[in-house]
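**Q** Heads up: the sequence shown is residues 209 to 326, going by my numbering.
Here it is, the structure in full.
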Amino acid sequence: MRYIVDDVDGAIGFYTDQLGFVLERRMGPAFAIVSAGDLSLWLSGPQSSAARPMPDGRQPEPGGWNRLVIEVEDLESRVRELKARGVSFRNEIVTGPGGKQVLIDDPAGNPVELFEPG
């Protein structure tokens, strides 16, 4: 999975310090790979090839609504921990037929869903 980010160092810190990912590889200021279990997340900064404009002029940028989902065992506790650390939340916990979820933003504004199965 790849996320476009505006600050690779900030993204590395967020994913490793806040969400328990491990830094696997760093390629200068433009690119890094972090991992959690079987997931590799590619963090591409503004200088990376992934951030170059498309032929039609569209510019890749952080944000949107497609998201990485991380399953957790105790969502309420995890939310309290992350709020205490100053992590940005898009919403409060939502309960649905499959479980509970909440959306946080990484430093570039990319959404991450924390999900507790029902």
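Ideal placement from N, C-alpha and C gives every residue a C-beta, glycine not left out.
Note that the structure is a prediction, hence the values are computed from the model and not measured.
Can you tell me which of Pro237, Ser252, Glu232, Pro254 puts its alpha carbon nearest to the alpha carbon of Ala244?
**A** Closest by alpha carbon: Glu232.
**Q** Ignoring anything shorter than 4 residues, give me the alpha helix (DSSP H) runs that lie fully in the region 244-303, in order along the chain.
**A** Fully enclosed alpha helix (DSSP H) runs of 4 or longer: 283-292.
**Q** With a threshold of 16 other CB atoms inside 10 Å of the CB of Gly327, please say whether the residue is buried or exposed.
**A** Because the chain is modelled from 209 through 326, residue 327 falls outside the range shown and cannot be assessed.
**Q** Whole angstroms are fine: how far does the CA of Arg260 sit from the CA of Ala292?
**A** Computed Cα separation, rounded: 36 angstroms.
**Q** Nearest to Gly304 by alpha carbon, out of Glu284, Gly326, Glu289, Phe297?
**A** When each option's Cα is compared against that of Gly304, the closest is Gly326.
**Q** Which residues mark the beginning and the end of the beta strand (DSSP E) in which Val310 is found?
**A** Where Val310 is concerned, the enclosing beta strand (DSSP E) stretches over 307-313.
**Q** So, with DSSP's three-state summary, where would you put Ala219?
**A** In the structure shown, Ala219 sits in a helix (DSSP, three-state: H, G or I).
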